[in-house]
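For the sequence shown, our numbering begins at 5 and goes up steadily by one.
Every residue, glycine too, gets a C-beta built ideally from N, C-alpha and C.
Just so it is clear, the structure is predicted and the values come from calculations on it, not from any experiment.
One structure below.
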Amino acid sequence: MAVKQFKAESKRLLDLMVNSIYTNKEIFLRELISNASDAIDKSYYRSLVDENVNFNKEDFFIRITPDKEKRTLTITDTGIGMTEEELENNLGTIAESGSLAFKSENDIKDGVDIIGQFGVGFYSAFMVSDKVIVKSRSVDSDKAYKWESQGAEGYTIEPCEKETAGTEIILKIKENTEDEKYDEFLDEYKIKSLIKKYSDFIKYPIKMMVKKSRPKKDNDKEQEEYFEDETLNSMVPIWRKNKNELKPEDYDQFYMDKHFGYDKPLRVIHSSVEGVVSYKTLLFIPARAPYDFYTKEFEKGLELYSNGVLIMEKCADLLPDYFSFVQGLVDSADLSLNISRELLQHDRQLKFIAKRIKDKIKSELLLMLKNDREKYIEFYNSFGKQLKYGVYSDFGANKEVLQDLLMFYSSTEKKLVTLDEYVSRMKEEQKYIYYAAGENIEKIEKLPQTELVKDKNFEILYFTDDVDEFAIKMLMKYKEKEFKSVSSKDLGFDSDDKESKKETEENKELFDFMKEVLKDKVKEVRASNRLKTHPVCLANEGEVSIEMEKVLKMMPSNQNIKADKILEINTSHEMFKAIKKAFAEDKDKLKMYSNLLYDQALLIEGLPVDDPVQFANNVCSLIK
Ligand code: ADP
Ligand code: MG
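Here it is as structure tokens:
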């Protein structure tokens, strides 16, 4: 049976092409400039393989010429040009890529980075134009041809005049509509910014005559306008330069130009990787968090380039959330892009790169911690919270990656320390890594619960961020050592434990009575093993601590989760005598004392008392 050919409905196809592939009209300029660059690259390639062809660098450039009156935007290149047949094949057939064919027919050498491959980019011109005219002359011919089309209706080709080889593309820019301001594509400033954004690292100069003004020669009080040729792109991407060619100022300048941050970056990571997937990266660790960093508005991601052309402004998949503060870019020729070149086809290469980047960032941060602690602390003050969120989120999946990057304030060192440093200092008899949570260092310093641990000369880590305790609960252990809150029921001191158990036994009836008074507010009243000078404190049993209860209370999804609280009494404190006396002689008084002690314990924790008026009255009744 005869196999029939599919008939593509070219009108529909063109319409699809123009209106469905691209999300952004402005990329037409990127596409046409990329084609021009490819055309010059082909000439360059010719010069490499054909002795008769010279490549004189000055002769190769791309020119942009806007004309507001005629509403035309012209893109000229001095590249290889097209013959009549090539115009027919490459521009007359949708999805025919002369560039892809060129790549497969030739053994492409270093320094040639052909961008085109899909054969659709050219048609993006119709997103902004009513009519497109292409005048081209091939280097292999002395005849020039003009291709002209108004889009769906088809195209014409006829001979024309053109003095030199290369291609000139004239766009008749559409009239403004209510939704679209096509005018802007004729605007000098807009054109400049589009080239900066998408085509800054095209290897060949992109030139434009730019309007300037200067004082008049004969009368310097008046200004005169004149035009000057300007190259709009920087051409050589800084990340493709050799590291030893670059000074720290060069990186800082690039960082500023790119608006990655307002201050100088804390650290620059510039690397070039060759292998299964080859790529170059230039990453920055900012000094300070952007104002919206810890909000939903913040968008993480790295710029993604393929052959010097910007493909994606913020490629989120390249960075894990816990390193979302990193700024910079990745450039790789090995990415398989989708047809619009706005997205990637497979994420296999991307995953590979992302994994390597993640490892690199981690090792750089560890280096910084080791060799430049002051800087690391500056970094940690800005972004430490994000690392801690990272430990906590995804059910702790990334805790191994992050644990060595964490720091907490230490009760003994009076500064930030790492978990490794803590563990290496642990006393022989010390079982746990102790921590205390509170609003700030000053408040934690005064917490009664820290008394006994401090008395034993054990170091305590102070948790002042909301996320700290949640992260540590996820981490559970560091180097086989469990974490222990100074408020937890059992501190792991056997002898003191026995002591307080005995005290609790001996005063069982009294404590039971107090528990009766406080009802559900506490789970238990007992003698404390952790208090030395303070009369009372709250301890806590179970997974949710009192600090966590506070944090959960502030969350929008507040489910009223409460910590199991234990009221601990210091039985060697003066006031305990009065308690005992009241228990024997005046139960009403003990009721009041019980409430007072509980309220006190709440206040120490920074929790509101349940009934402030009653509390005030109780205090007053003591002032007699
Ligand atoms: P792609 O660039 O992906 O190949 P395009 O639709 O952008 O697809 O271009 C189609 C083809 O037209 C190119 O492959 C190239 O052969 C040819 N072409 C486009 N613009 C030019 C140009 N300025 N000079 C020479 N050839 C060009
Ligand atoms: Mg193209």
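- State the beta-bridge partners of alanine 441 as determined by DSSP. Bridge partners of alanine 441: Phe467.
- Query: Who are the Cβ neighbours of lysine 389 in its own chain at under 8 Å, not counting the five residues just before and after it?
  - Reply: Contacts found: Tyr298, Asp469 and Val471.
- Query: Can you tell me whether DSSP reads asparagine 375 as helix, strand or coil?
  - Reply: It is helical.
- Item | Cα-Cα separation, lysine 139 to asparagine 93 | A direct Cα-to-Cα measurement between lysine 139 and asparagine 93 gives close to 15 Å.
- Message: With a threshold of 8 Å between beta carbons, is serine 101 in contact with chain D?
- Response: Of the chains in the structure shown, none is chain D; there is only one protein chain.
- Task: Report the rounded CA-to-CA distance for asparagine 639 versus tyrosine 438, giving the unit in angstroms.
- Result: The chain is shown only over 5 to 628; residue 639 falls outside these bounds and no answer can be derived.
- Query: Which class does glutamate 507 belong to by DSSP, given the choice of helix, strand or coil?
  - Reply: Here glutamate 507 sits in helix by DSSP.
- Task: May I have the straight-line CA-CA distance separating serine 276 from asparagine 248, to the nearest angstrom?
- Result: In a straight line, the C-alpha of serine 276 is about 13 Å away from that of asparagine 248.
- Below 7 Å CB to CB, which residues in the same chain sit around serine 51 once its five sequence neighbours on both sides are set aside? Closer than 7 Å at Cβ, skipping near neighbours: Val57, Asn58 and Phe59.
- Query: What did DSSP end up calling tyrosine 482 once you bin it into helix, strand or coil?
  - Reply: DSSP places tyrosine 482 in strand when its eight states are reduced to three.
- Environment of glutamate 35 [buried if 16+ CB atoms lie within 10 Å]: So glutamate 35 counts as buried.
- Any chance the CB of aspartate 117 is under 7 Å from a heavy atom of the ligand ADP? Placement of the Cβ of aspartate 117 at a distance of 7 Å or more from every heavy atom of the ligand ADP is found.
- Query: Are the beta-carbon atoms of lysine 178 and glutamate 162 separated by less than 8 Å?
  - Reply: For lysine 178 and glutamate 162, no; Cβs fall outside 8 Å.
- Message: Tell me the residue span of the alpha helix (DSSP H) that contains leucine 308.
- Response: Taken as a continuous stretch (DSSP letters only), leucine 308 belongs to no alpha helix (DSSP H), being part of the beta strand (DSSP E) at 306-310.
- Task: Starting from the Cα of glutamate 443, find the closest Cα among Tyr466, Thr537, Lys194 and Asn237 and give me that residue.
- Result: Ranking the options by Cα distance to glutamate 443, first place goes to Tyr466.
- Taking the beta strand (DSSP E) that alanine 148 falls in, what are its first and last residues? Membership of alanine 148 in the beta strand (DSSP E) is indicated by the continuous run 148-153.
- In whole angstroms, what separates the C-alpha of tyrosine 597 from that of leucine 542? Approximately 16 Å between the Cα atoms of the pair.
- Query: Mind checking whether the beta-carbon of glutamate 3 lies closer than 7 Å to any heavy atom of the ligand MG?
  - Reply: Nothing can be reported for residue 3: it is not among the residues displayed for the chain, which extend from 5 to 628.
- phenylalanine 399, buried or exposed, once every other Cβ within 10 Å from all chains shown has been counted against 16: Counting the other Cβ atoms within 10 Å of the Cβ of phenylalanine 399 gives fewer than 16, which makes it exposed.
- Message: Let's see if you can read the secondary structure: which residues bound the beta strand (DSSP E) around isoleucine 627?
- Response: For isoleucine 627, there is no enclosing beta strand (DSSP E), as DSSP marks it with neither H nor E.
- Task: Could you work out which residue in Lys176, Lys72, Arg141 and Leu18 is closest to glutamate 100 when comparing CA atoms only?
- Result: It is Leu18.
- Distance between lysine 403 and arginine 271 (C-alpha atoms, nearest Å): Between arginine 271 and lysine 403, the C-alpha separation is close to 23 Å.
- In the DSSP assignment, what are the bridge partners of lysine 52? A quick correction: the sequence has leucine, not lysine, at residue 52. Leucine 52 is not bridged to any residue.
- Message: At 3 residues or longer, what runs of the beta strand (DSSP E) sit wholly inside the region 561-620?
- Response: Runs of the beta strand (DSSP E) lying entirely within the region 561-620 and spanning at least 3 residues, in chain order: 568-573.
- Item | Residues near serine 103 in its chain [Cβ-Cβ closer than 6 Å; skip 5 each side] | Short of 6 Å from the beta carbon of serine 103, and not among the five residues preceding or following it, lie these beta carbons of its own chain, in chain order: Asp42, Ile118 and Gly120.
- Decide if proline 252 is buried, meaning its Cβ has at least 16 other Cβ atoms within 10 Å, or exposed. Label assigned to proline 252: exposed.
- Task: Check the C-beta distance from glycine 279 over to tyrosine 326 and give it rounded, since I have them as a contact under 8 Å.
- Result: That belief does not hold up - the Cβ atoms of glycine 279 and tyrosine 326 are roughly 25 Å apart, past 8 Å.
- Query: Going by alpha carbons, who is nearest to tyrosine 295 out of Asp267, Thr285, Ile37 and Ser310?
  - Reply: If we check each option's Cα against that of tyrosine 295, Asp267 comes out closest.
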